[in-house]
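In the numbering used here, the protein residues as written are 10 to 319. No residue lacks a Cβ here, since even glycine has one placed at the ideal position from N, Cα and C.
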């Protein structure tokens with residue numbers, strides 16, 4: 010066969026008709042139109058630029074394929090956090106860290122969690138009816154666990170950090186309006202919260218291995234729903250509620266405390282390391298993909314070897 014003497018002798022490629030309307034409606038074009046107008050977050054943001062795939066409108070199945078090409082497929086809906094202003098100063102003298110004492114306070118804690126974990130409800134355009142439905146559902150589920158109505162849960166306690174409603178929180182209108190409750194005639198705001206669960210296991214999470222004795226299922230506890238109001242982050246509130254949870258666990262006679270954390274959540278890993286937790290296990294990549302979330306570490310704290318700070 011005679012070889013080609015020049016590129017001009019090769020078969021010319023077929024030119025396809027350029028359909029501008031089809032291009033403008035493509036997922037890639039929509040992705041560029043929606044994302045590029047936003048400036049790149051600065052160092053004060055709590056999430057990296059690669060987590061932009063978590064924006065609610067990017068979860069649409071029409072747009073999701075383009076995110077996989079761009080490398081954003083692993084982000085979860087609750088992973089993204091918008092840039093925030095510098096946190097408010099904390100009045101430590103008026104801070105109270107204790108177990109929840111009323112349904113009013115419990116509902117305020119649930120509202121903080123919804124506000125933290127579901128960004129779409131923290132925006133003025135969010136569906137308020139859907140948000141209220143979610144708050145009611147989470148409140149009833151948490152109350153059932155605390156009241157001992159859930160199989161597999163022996164004891165559950167909600168631990169909150171609260172501050173009095175005051176002008177010092179004037180720049181946190183959204184937090185104050187959503188997370189305020191009344192206690193002994195005083196209005197207070199839940200600014201950090203978590204649950205400590207003495208249970209067999211948490212749904213869709215790794216199970217701890219300690220203590221290594223027969224019947225150890227209810228001899229360990231897990232932390233869950235750990236969050237701090239974004240306006241008051243970097244004030245030591247996370248460390249305060251985790252420290253209180255360790256004291257509660259010791260009071261229950263528990264020495265093995267566990268917490269699950271996303272492998273890329275550097276702030277949480279630093280907090281738990283400071284609180285005495287160490288690595289025990291990690292979630293397989295296939296399980297994280299199946300559940301549609303970042304992979305998780307299982308961290309363990311031996312409370313018998315930790316000096317409690319309350």
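- Classified as exposed, residue 272 has fewer than 16 neighbouring CB atoms from the shown chains inside 10 Å of its CB.
- Judged by pairs of C-beta atoms under 8 Å, the segment 193–207 touches the segment 168–176, as three or more such pairs exist.
- With distances taken between CA atoms, residue 206 lies nearest to 263 out of 183, 295, 263.
- In this structure, residue 187 keeps its C-beta atom at 9 Å or more from the C-beta atom of residue 141.
- 9 Å or more divides the Cβ of residue 248 from the Cβ of residue 218.
- Look at residue 253 here: in three-state DSSP terms it is helix.
- About 11 Å separates the beta carbon of residue 266 from that of residue 289, a gap too long to meet the 8 Å contact definition.
- Sixteen is the threshold: since fewer than 16 other Cβ atoms of the shown chains lie within 10 Å of the Cβ of residue 299, the residue is exposed.
- By DSSP's assignment, residue 173 forms a beta bridge with 197.
- At a Cβ-Cβ threshold of 9 Å, residue 127 and residue 143 count as neighbours.
- Taking 9 Å as the cut-off, the beta carbon of residue 238 is found closer than this to the beta carbon of residue 184.
- About 5 Å separates the beta carbons of residue 122 and residue 234, which is inside the 8 Å limit, making them a contact pair.
- When 193, 192, 208 are compared, the shortest CA-CA separation from residue 159 is found for 208.
- In the DSSP assignment, the residues bridged to residue 309 are 267, 287.
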